[in-house]
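**Q** Sharing a structure here in structure tokens format.
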Amino acid sequence: MTIQLSLHDVTVRFGGLTAVNKVSIDVSKGTIHSLIGPNGAGKTTVINTVTGVYPPTSGDVLFDGKSIAGTPPERICALGLTRTFQNTELFGDMSVADNVRLGMHRIAPYGVLSAALQLPTARHAERRISERVAELLDLVGLSDQRATEAQFLPFAKMRRLELARALAAEPTMLLLDEPAAGLRAGEVDELNGLLRMLKDRFGMTILLVDHVMPVVMGVSDRITVVNFGQKIAEGEPQDIRKDPAVIAAYLGH
Amino acid sequence: MRTSTVAKAAAFVAFGLWGANPVFADSTGVTDSTIKIGFVGSMTGPAAIWGSGNMAGATLAFEELNAAGGVNGRKIEFITVDDETSAPKGIAGFNRLVQSDKVFAVFGPSSSAVGVPMKATMASSGVPVLIPSFSSPLMTEPPAPNIFRVGAINDRMQGRGIANYLVNTDKRTKIAILRQSDEYGATGAGAVGDRLKELKMAPVANEVFNAADTDFTSQVLRVRSANPDAIVVYGYPAPSAIITRQLREVGIKAEIIGSSATSNQNYPELVGKIGAGTKFVTTLEHQPESDFPAIKKFREAFQKRFPDLARQGRPALGDTLGYAGALTMIEAIRQAGKDLTREGYVKALESMDGYETGISMPTHLSATNREGNTKMYIAVIKDDLTREVLPGAIETK
Amino acid sequence: MDILQLIANGIPAGVMYSLVALCIVLIHNGTNVVHFGYGDQITFAAYLVVIAQTLFGAPLWLAIASSVVISALFGLFIYLAILAPIRKTPLLVQVIATLAIGTALREGMRAFMGPDPWPFPALVAPRIFNLSGVFITSANVAAVAIAVIITVALFVFFKVSKYGQAIIAACENAKGASIVGISVTKVFASIWIVASVLAAVSAILMAPVVTLSPDMGLIAIKGFCAAVLGGFTSLPGAIVGGILLGLIETTAGYYISTAAKDVVAYGVLIAVVIFMPQGLFGKAQLKKV
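Quick note, the sequences are listed as chains G, H and Y, same order.
Under the numbering used here, the first sequence has 196 at position 196, and the numbering climbs by one with no breaks.
Throughout, the numbering used here is defined as the position within the second sequence, counted from one, plus 253.
Throughout, the numbering used here is defined as the position within the third sequence, counted from one, plus 650.
See below:
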């Protein structure tokens, strides 16, 4: 299988603190790959490094075979890799629909002038965008709230909106930072269904960072476990469940 | 140093009349070939309008003197300090000139806002100070033995002069006053009101404005409601220009007269054509742009020496007063003779009775009077935005 | 009839504050920095016109065009060379930096162009219209008209265009914006350019009316007040705040006393800060954990 995202001995240091220490992960195309570990294990640091929030201190990150280490987030987005955030980073003052619309920023075709003058090309583009927004809202089940300001959504729906916004950029790979945290049991099932559909129907590659075991174990093709910034195990869900190092890490030995 | 204890004691007795601050007969800052003169004034900050000119004018006067061989065989060494339009910096600058540079005498400061708070420091130092431009009466009232002013006219006299002019010369009966909210406006406009009272009149309106404001509609409309036949605007050039425009823009036809702060030569253009006919107080019988021979000579020398300033349309009022003040200082030093002491210099200043620089008002000082000039002129902005000084000095008593 | 004259003059006076407030809010929304040097940037742009005319003999249109271009480049310079490199320092450091920029411009102009006020060319021929006893000047009409055009243009830009939306998005949530492919650096740079172009436009409207001197930028203090009245985050709020401040100042001065004008105007401001901390148009901030 083709490797879409590859971390080679990635180390991230903040001053004297080593947050991530020589971690290597290969994420295959069209799979759901989970990254798990106790709090403070370095999971979010890995995601932030991959999406260009900060560069790795050493090591390399390859996306579709090209190094993206130190590339700013907006350029990484243009390469087809986008993400969601643990606490969501939506545009709270804007409507649900506008949030998704902004997700299309890098692919939306029209300019200031043509839009202001309501030229036919702009009108046509605008219609296509509106259709796509409607599709994505339908996919995440937010069609009824398209006009609501994002800040007034319940938290679980903010998560889904952020996912829709990420999908609007037409990525080939998604990084989801704790999408299941705080969800109720029913909502976890919905999320699982959504993630599986993204993989099966759209061939999306997903790197999932989470604590919630029903999600991780339910959807993952492969799991990487980190603790204290180091990789301690990797494999398929059934192997990880039995791995003594993983059990020790989660029990706090 | 030639200063002896005996001389100090003698000076103490001689000047005991002045109170606790005797001027010692010392010759600090004087050598056989040089005299150190200090300048403290505002070269930056809002008061640079006056300070930068005072310094440029004095620099030219001293350079001309030095090129001609100096005064009584001594050349002037000119040491300058910028007070940044801040009183604490002015005080620190003055102390530096006196204590570490050990100057013979000081020229400046250049604005009321800085000068008035500096007065106590200057008075207690005993170092002779010659003020060339600003107009707060507090600098000479009460007089300090070592602080003199020449060339400018103080705001109290100026206010009285304006009232005298409007009532006696122009026969106005309904006078409105618009004044800046600070000490400058309060003193000058207060004097207008006081003099009107003595003349058995009262202003028909008395309005206040801030120097930094940009719209004066409320003041202007209140003045309009009072229906005056003359309006005194006592403030700095920028607000005065806007007010003059706004007075005309709402249809007021009354005579407008501005304080000496508006006597700079680009003021007519600041106001624009609408300001034609506006009058202002000036302490220069001949304006810096005029072709009066002494003025022309000064202007050409100034523009040659300071091409950068010439580009800004200078010399202006502050430059002219700085030059004239420095000439007055040089004359007093000359009169004090070869054996130059601070005491001799002060005595020479006191003995000036009608000394003329040719470009500023004559200086009349005495043992009890530290205000060198008490006369002013009224000038008018003409239709082509040139300025004309109206004949006849105005009484300021 | 005086009330009509008060309104006729209060609105243009307020529009001057609005223009300043607008850009202060724009920069603040984007970069969180209150730009205390903005007033001096306006003064600088006005002097650029005078310099082009008197030193290089340029005709007025060319002088204005070069002022707009240089001002825009200068805004970009402020961002790239000064504020972007220190964007991770405490906010206070950045605010002090803007103060320093302002002081350097002000004193630089004072040294180079002299401390005296400069006459500034009128954009429109000075005329006074008498509407049955209410006098209106052409300069004031021009100021209000151009301010309206700027407001409409900004409104269209932010509401309709994709770039406008991207700027709003980046101002609201830089992290979220960068992840959808918006370059936050470019957005902030463009905010500085837009604000600096508007500084030049304001300068051209303002200088003939309020008199050009190195201290003309002090008008920014009124701009800050207008911005606070309007909530400090809302662009329409900045416009309305400025006009309100202009009207409050003129009417308070006229009906109460000119000496009490500032007491009343700033009393209103303090009351707004106390009783409506969000300003007239501000929104409650979205709290993020």
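Yeah, the Cβ is synthetic: ideal placement off N, Cα and C, and Gly gets one too.
Source: prediction; values computed, not measured.
Around the C-beta of H/Val367, are 16 or more other C-beta atoms found within 10 angstroms, so that it is buried, or is it exposed?
**A** Label assigned to H/Val367: buried.
**Q** For Y/Phe785, which residues in chain H fall below 9 Å Cβ to Cβ?
**A** Under the 9 Å cutoff, chain H gives Glu502, Val503, Gly504.
**Q** Quick one: which unbroken beta strand (DSSP E) runs of 3-plus residues sit fully inside the region 561-617 of chain H? Chain order, please.
**A** For the region 561-617 of chain H, whole beta strand (DSSP E) runs of length 3 or above, ordered along the chain, are 606-608.
**Q** Among G/Glu170, G/Pro171, G/Val216, G/Leu161, which one has its Cα closest to the Cα of G/Glu178?
**A** Closest option to G/Glu178, Cα to Cα, is G/Val216.
**Q** Is it true that the region 727-737 of chain Y meets the region 759-772 of chain Y, where meeting means three or more beta-carbon pairs spaced less than 8 Å apart?
**A** No: the two stretches stay apart, fewer than three of their Cβ pairs being nearer than 8 Å.
**Q** What do you get for Y/Ala888, buried or exposed, if any count of 16 or more other CB atoms within 10 angstroms of its CB means buried?
**A** Buried is the call here.
**Q** Using a Cβ cut-off of 8 Å (strictly closer), state whether H/Asn307 contacts chain Y.
**A** No, because no Cβ of chain Y sits closer than 8 Å to the Cβ of H/Asn307.
**Q** Ignoring anything shorter than 3 residues, give me the beta strand (DSSP E) runs that lie fully in the region 753-828 of chain Y, in order along the chain.
**A** Complete beta strand (DSSP E) runs here, min 3: 778-781, 784-787.
**Q** Taking the alpha carbon of H/Asp336 as the point to measure from, which residue in H/Ala529, H/Pro370, H/Val461 has its own alpha carbon closest?
**A** Comparing Cα-Cα distances from H/Asp336 to each of H/Ala529, H/Pro370, H/Val461, the minimum goes to H/Pro370.
**Q** Is any beta-carbon of chain H found at less than 8 Å from that of Y/Ile732?
**A** No, Y/Ile732 lies away from the interface with chain H (no Cβ there is under 8 Å from its Cβ).
**Q** Whole angstroms are fine: how far does the CA of G/Leu207 sit from the CA of G/Gly193?
**A** The alpha-carbon atoms of G/Gly193 and G/Leu207 are separated by roughly 16 Å.
**Q** Taking the alpha-carbon positions, what's the Y/Val859 to H/Pro521 distance?
**A** Near 14 Å, if we compare the C-alpha coordinates of H/Pro521 and Y/Val859.
**Q** Note down, in chain order, each residue of its chain lying with its Cβ closer than 6 Å to the Cβ of H/Leu651, except the 5 sequence neighbours on either side.
**A** Since the first and last residues shown for chain H are 254 and 650, residue 651 of chain H lies out of range.
**Q** Can you tell which of Y/Val675, Y/Ile869, Y/Phe770, Y/Asp766 has its C-alpha closest to the C-alpha of H/Ala300?
**A** Checked all of Y/Val675, Y/Ile869, Y/Phe770, Y/Asp766; the closest Cα to H/Ala300 is Y/Asp766.
**Q** Taking only runs that begin and end inside the region 434-488 of chain H, name each unbroken beta strand (DSSP E) of 3 or more residues, in chain order.
**A** Qualifying beta strand (DSSP E) stretches, in chain order: 458-462, 483-487.
**Q** Pull up the distance between the alpha-carbon of H/Ile430 and that of H/Arg475, whole angstroms please.
**A** Spanning the two alpha carbons is a distance of roughly 11 Å.
**Q** Check whether chain G comes within 8 Å of Y/Ala816, counting only Cβ atoms and requiring the distance to be less than that.
**A** At least one chain G Cβ lies under 8 Å of Y/Ala816.
**Q** Write down the C-beta distance between Y/Ala663 and Y/Ala853 rounded to the nearest angstrom, noting that I regard them as a contact closer than 8 Å.
**A** Going by Cβ atoms, the distance from Y/Ala663 to Y/Ala853 rounds to 16 Å, so no, they are not a contact pair.
**Q** Helix, strand or coil: which one does DSSP assign to G/Met94?
**A** In the structure shown, G/Met94 sits in coil (DSSP, three-state: anything other than H, G, I, E or B).
**Q** Can you pull the chain G neighbours of Y/Asn1007, defined as C-beta to C-beta under 9 Å?
**A** The structure shown does not extend to residue 1007 of chain Y, since chain Y spans only 651 to 939, so no value can be given for it.
**Q** Which partner residues of H/Lys289 appear in the DSSP bridge assignment?
**A** In the DSSP output, where bridge partners are listed per residue, H/Lys289 has H/Glu330.
**Q** How big is the Cα-Cα spacing for Y/Ser716 and Y/Pro886?
**A** Cα to Cα, the separation comes out at about 29 Å.
**Q** Give me the residue from G/Thr18, G/Val100, G/Thr224, G/Gly182 with the minimum Cα distance to G/Glu236.
**A** Closest option to G/Glu236, Cα to Cα, is G/Thr224.
**Q** Could you run through the region 523-552 of chain H and flag, in chain order, every residue whose CB is less than 8 Å away from some CB of chain Y?
**A** Listed in sequence order: Leu523, Gly525, Lys526, Ile527.
**Q** Determine the contact status of H/Ile509 and H/Ile484, defining contact as a CB-CB distance below 8 Å.
**A** Yes, the Cβ-Cβ distance between H/Ile509 and H/Ile484 is below 8 Å.
**Q** Indicate whether at least one CB of chain Y lies closer than 8 Å to the CB of G/Ala78.
**A** True, the Cβ-Cβ gap to chain Y drops below 8 Å.
**Q** Between which two residues does the beta strand (DSSP E) harbouring Y/Phe694 extend?
**A** From DSSP, Y/Phe694 is part of no beta strand (DSSP E) but of the alpha helix (DSSP H) over 688-704.
**Q** Counting only Cβ pairs nearer than 9 Å, list the residues of chain Y close to H/Ile495.
**A** Ordered by position in chain Y, the residues that pass the 9 Å Cβ test against H/Ile495 are Val859, Val860, Thr861.
**Q** Per DSSP, which residues does H/Ala429 bridge with? Please list them.
**A** Bridge partners of H/Ala429: H/Ala458, H/Ile484.
**Q** Name the DSSP beta bridge partners of H/Met629, please?
**A** Paired residue(s): H/Ile647.
**Q** Check whether chain G comes within 8 Å of Y/Ser828, counting only Cβ atoms and requiring the distance to be less than that.
**A** Taking Cβ atoms only, chain G reaches closer than 8 Å to Y/Ser828, which makes this a yes.
**Q** Going by Cα to Cα distance, which pick from Y/Val743, Y/Tyr813, Y/Leu855 is closest to Y/Ile841?
**A** That would be Y/Tyr813, whose Cα lies nearest to the Cα of Y/Ile841.
**Q** Hey, out of G/Val212, G/Pro214, G/Leu195, G/His211, whose CA is closest to G/Thr205's CA?
**A** Here the closest residue by C-alpha is G/Leu195.
**Q** Does the distance from the C-beta atom of H/Arg327 to that of H/Thr281 stay below 8 Å?
**A** Not a contact, by the Cβ cut-off of 8 Å.
**Q** Shorter than 8 Å from the beta carbon of G/Thr121 to some beta carbon of chain Y?
**A** For G/Thr121, the answer is no, since every Cβ of chain Y falls outside 8 Å of its Cβ.
**Q** Please say whether H/Ala458 and H/Pro490 have beta carbons closer to each other than 8 Å?
**A** Not closer than 8 Å, so no.
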